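Student:
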Amino acid sequence: MPGTCVIGLQWGDEAKGKLVDLLTAQFDIVIRYQGGANAGHTVVVSDQTYKLHHIPSGILNPQVMNVVGPGVVLNPPTLLKEIDMLVERGIKVSDNLMLSDRAHVVLPWHMAEDKAMNEGTADGENIGTTLRGIGPCYRDKVGRSYAVRLGDMLRPDFKQKIARIVDAKRNILSGLAHDGANIDLDATAIYDEYATYAERLRPFVGDTTAYLLDAAEANQRLLFEGAQGALLDVDHGTYPFVTSSNSSGVGISSGSGVPAKWLNTVIGVAKAYSTRVGGGPFPTEQDNEQGQRIRDLGHEYGTTTGRPRRCGWFDAVAVRYTARLSGVDSLSLMMMDVVSQLPEIKVCVAYELDGKRITHFPSHVDDLRRVQPVYETMTGWMTDVTTARKMSDLPGAALQYIQRISELVGRPVGVVSVGPGREQTIFAGT
Ligand code: IMP
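Mapping to my numbering: the sequence shown position 192 is 499, numbers consecutive.
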């Protein structure tokens, strides 16, 4: 059976790139199917660190085909920089990369709209987007009238399409009272620039849906690489403090065009603690010295924006919810080396809401803001685990911590990561 997916179970940045890179050798095709340049997937190979935004992490393995599906929103200049960076560093990027002609394109006005409209939600808290134009591009995709797909950039009427949209966008942006909306939209200059990008991207563009359906039917092994995390899912996450795509397991089929019947294994990736970038509720957040300690130990600064990430304890209520939502079979627990340096570790096992203990994840953001986490506290093991290579190399207290997370989330832990390197990975049963 062909399909395995790697899904982040928190608010993104769970080190999915590392896991995908490790698994890649067992697959024929790696697929990105949602998100865009808001994602930052870091892969460390030997002494080299690669930061990927659009391109699947499978690109680092020359045997593997890499597909960017229709659900991704592409930023051509950023994507081309990514391709150039890989090629300069000796990585093959040629017939091993295919971009969906159905994928939507992020254009300069999307970045301007993101800036101008990121000021706040109705209740005043800022979503704190990555300002990569992701939300506005998805909004145009659903709205249809002002959307540009990658395939459109290769058509003879691309110039007219840009001119028509620029006219409309000028009016829309002029109605927004924000400095970010004051950009000069010159249709000819934008067309000239994007037509050049289109020519460079042309060799990679194709009908990835047909390609993947053929591949699935031919029993090829497909690895789906989720971006962001399930708590940022536009339908099932901490709305409105979410991204604009289905980042939980439910988005795989719509974003790739591969029906659910081909998906048979789901790996949920979670850190041994929690982080979040941007606004929105975060029940186990430690906005204090403890959080700063985790941030320092885990180098918790955004790959895409460099922003310091908010840090806190592992939230088993949230991860149990997203593991169920994404149909997770097993967990990969990342950054165990970070919690291994803490004298005391807490795990949130339930919430209290209006005096009642609950273990379900509230659907409304106002309720989530009001919950009080109920913690279990464990004494830390204060041992360097970065050289551990088998489960039996880990201290007993670390194994207990892993076991407790597994019980609370209701899924077995299949992988434990003790550092960024490929070799710093422990598989269950060792
Ligand atoms: P957007 O995706 O740029 O619209 O941002 C919406 C929210 O999702 C913000 O809180 C971002 O910080 C968050 N976000 C988007 N992409 C990522 C990611 O790859 N990792 C972590 N947070 C992300």
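Backbone N, C-alpha and C fix where the C-beta goes; we use that ideal spot for every residue, glycine too.
Please read all numbers here as calculations on a predicted model, not as lab measurements.
Specify whether the stretch 309-316 and the stretch 629-646 touch according to this definition: at least 3 beta carbon pairs, one from each stretch, less than 8 angstroms apart.
Tutor: With the cut-off at 8 angstroms, the stretch 309-316 and the stretch 629-646 touch.
Student: List the whole-angstrom C-beta distance separating valine 374 from histidine 361, where the pair is believed to meet the contact cut-off of C-beta under 8 angstroms.
Tutor: Against the sequence shown, residue 374 aligns to sequence position 67. Against the sequence shown, residue 361 aligns to sequence position 54. Between valine 374 and histidine 361 the beta-carbon gap is near 11 angstroms, outside 8 angstroms, which marks them as no contact.
Student: In the DSSP assignment, find the unbroken alpha helix (DSSP H) run with glutamine 679 in it and report its ends.
Tutor: Reading the sequence shown from its first residue, position 372 is the one you call residue 679. Glutamine 679 -> not in any alpha helix (DSSP H); beta strand (DSSP E) instead, spanning 679-686.
Student: In angstroms with no decimal places, state the Cα-to-Cα distance between lysine 568 and glutamine 597.
Tutor: Residue 568 sits at position 261 when you count from the first residue of the sequence shown. Residue 597 sits at position 290 when you count from the first residue of the sequence shown. One C-alpha to the other measures close to 44 angstroms.
Student: Just to confirm, is the Cβ distance from isoleucine 338 to serine 563 under 7 angstroms?
Tutor: In the sequence shown, counting from the first residue as 1, residue 338 sits at position 31. In the sequence shown, counting from the first residue as 1, residue 563 sits at position 256. Closer than 7 angstroms, so yes.
Student: Using only the alpha-carbon positions, how far apart do glutamate 395 and leucine 438 sit?
Tutor: Position 88 of the sequence shown, counting from 1, holds the residue named residue 395. Position 131 of the sequence shown, counting from 1, holds the residue named residue 438. Going from the Cα of glutamate 395 to the Cα of leucine 438 covers about 27 angstroms.
Student: Alpha carbon to alpha carbon, how far is serine 560 from valine 573? Give it in angstroms, no decimals.
Tutor: Locating residue 573 in the sequence shown gives position 266, counting from the first residue. Locating residue 560 in the sequence shown gives position 253, counting from the first residue. Cα to Cα, the separation comes out at about 13 angstroms.
Student: Within 10 Å of its beta-carbon, does glutamine 710 have 16 or more other beta-carbons around it, so buried, or fewer, so exposed?
Tutor: Counting from one through the sequence shown, the residue named residue 710 turns up at place 403. It is exposed - the Cβ of glutamine 710 has fewer than 16 other Cβ atoms within 10 Å.
Student: Below 7 angstroms CB to CB, which residues in the same chain sit around valine 473 once its five sequence neighbours on both sides are set aside?
Tutor: By one-based count along the sequence shown, residue 473 stands at place 166. For valine 473, where only same-chain residues beyond five positions count, the Cβ hits under 7 angstroms are Leu492, Ala494, Ile497.
Student: Work out the CA separation of methionine 685 and proline 590 for me, nearest whole Å.
Tutor: Stepping through the sequence shown from its first residue, residue 590 is reached at position 283. Stepping through the sequence shown from its first residue, residue 685 is reached at position 378. Proline 590 and methionine 685 have their C-alpha atoms spaced approximately 19 angstroms apart.
Student: Tell me the residue span of the alpha helix (DSSP H) that contains valine 394.
Tutor: Position 87 of the sequence shown holds residue 394. Per DSSP, valine 394 belongs to the alpha helix (DSSP H) from 383-395.
Student: Taking the alpha carbon of glutamate 389 as the point to measure from, which residue in Ile652, Pro566, Pro669, Thr611 has its own alpha carbon closest?
Tutor: The residue given as residue 389 occupies position 82 in the sequence shown. It is Thr611 whose Cα lies nearest to the Cα of glutamate 389.
Student: Under a three-way DSSP split, which group does serine 552 fall into?
Tutor: By one-based count along the sequence shown, residue 552 stands at place 245. In the structure shown, serine 552 sits in coil (DSSP, three-state: anything other than H, G, I, E or B).
Student: Based on the DSSP output, what are the partners of arginine 339 in its beta bridges?
Tutor: Along the sequence shown, one-based indexing puts residue 339 at 32. Looking at the DSSP assignment, arginine 339 forms a beta bridge with Val375, Glu532.
Student: Determine, using beta carbons only, whether aspartate 491 comes closer than 7 angstroms to chain C.
Tutor: Protein chain content of the structure displayed is limited to a single chain, and chain C is not contained in it.
Student: Could you tell me which residues DSSP puts in a beta bridge with lysine 663?
Tutor: Counting from one through the sequence shown, the residue named residue 663 turns up at place 356. Answer is Leu660, bridged to lysine 663.
Student: Determine, using beta-carbon pairs with one atom in the stretch 377-385 and one in the stretch 350-359, whether at least three such pairs fall under 8 angstroms.
Tutor: These segments do not touch.
Student: Going by DSSP, which residues form a beta bridge with aspartate 622?
Tutor: As a working note, residue 622 is residue 315 in the sequence shown. Looking at the DSSP assignment, aspartate 622 forms a beta bridge with Cys655.
Student: Work out the CA separation of proline 510 and isoleucine 336 for me, nearest whole Å.
Tutor: Residue mapping note: residue 336 aligns to position 29 of the sequence shown, counting from 1. Residue mapping note: residue 510 aligns to position 203 of the sequence shown, counting from 1. Taking the straight line from one Cα to the other gives about 18 angstroms.
Student: Could you spell out where the alpha helix (DSSP H) holding leucine 519 opens and where it closes?
Tutor: Residue numbering aside, residue 519 sits at position 212 when the sequence shown is read from its first letter. Its alpha helix (DSSP H) spans residues 515-524.
Student: With 16 other CB atoms within 10 Å as the buried threshold, where does serine 452 fall?
Tutor: Here the question's residue 452 lines up with position 145 in the sequence shown. When all chains shown are included, serine 452 counts as exposed.
Student: Taking its Cβ as the centre, do 16 or more other Cβ atoms sit within 10 Å of arginine 302, making it buried, or is it exposed?
Tutor: No answer is possible for residue 302: it lies beyond the span of the chain, which begins at 308 and ends at 737.
Student: Could you give the DSSP three-state label for lysine 697: helix, strand or coil?
Tutor: For this step, residue 697 is matched to residue 390 along the sequence shown. In the three-state DSSP reduction, lysine 697 falls in the coil class, being neither helix nor strand.
Student: Give me the Cβ distance between aspartate 408 and valine 512, rounded to the nearest whole Å; I'm assuming they're in contact under 8 angstroms.
Tutor: Indexing the sequence shown from 1 puts residue 408 at position 101. Indexing the sequence shown from 1 puts residue 512 at position 205. Indeed they touch by this definition, with Cβ atoms about 5 angstroms apart.
Student: Please state whether the Cβ-Cβ distance between serine 555 and glutamine 317 is less than 7 angstroms.
Tutor: Position 248 of the sequence shown, counted from the start, is the residue given in the question as residue 555. Position 10 of the sequence shown, counted from the start, is the residue given in the question as residue 317. Result no, Cβ atoms of serine 555 and glutamine 317 do not sit closer than 7 angstroms.
Student: Hey, would you say the C-beta of asparagine 382 is under 6 angstroms away from at least one heavy atom of the ligand IMP?
Tutor: For the purposes of this step, residue 382 is taken as residue 75 along the sequence shown, with counting starting at 1. Every heavy atom of the ligand IMP is 6 angstroms or more from the Cβ of asparagine 382, so no.
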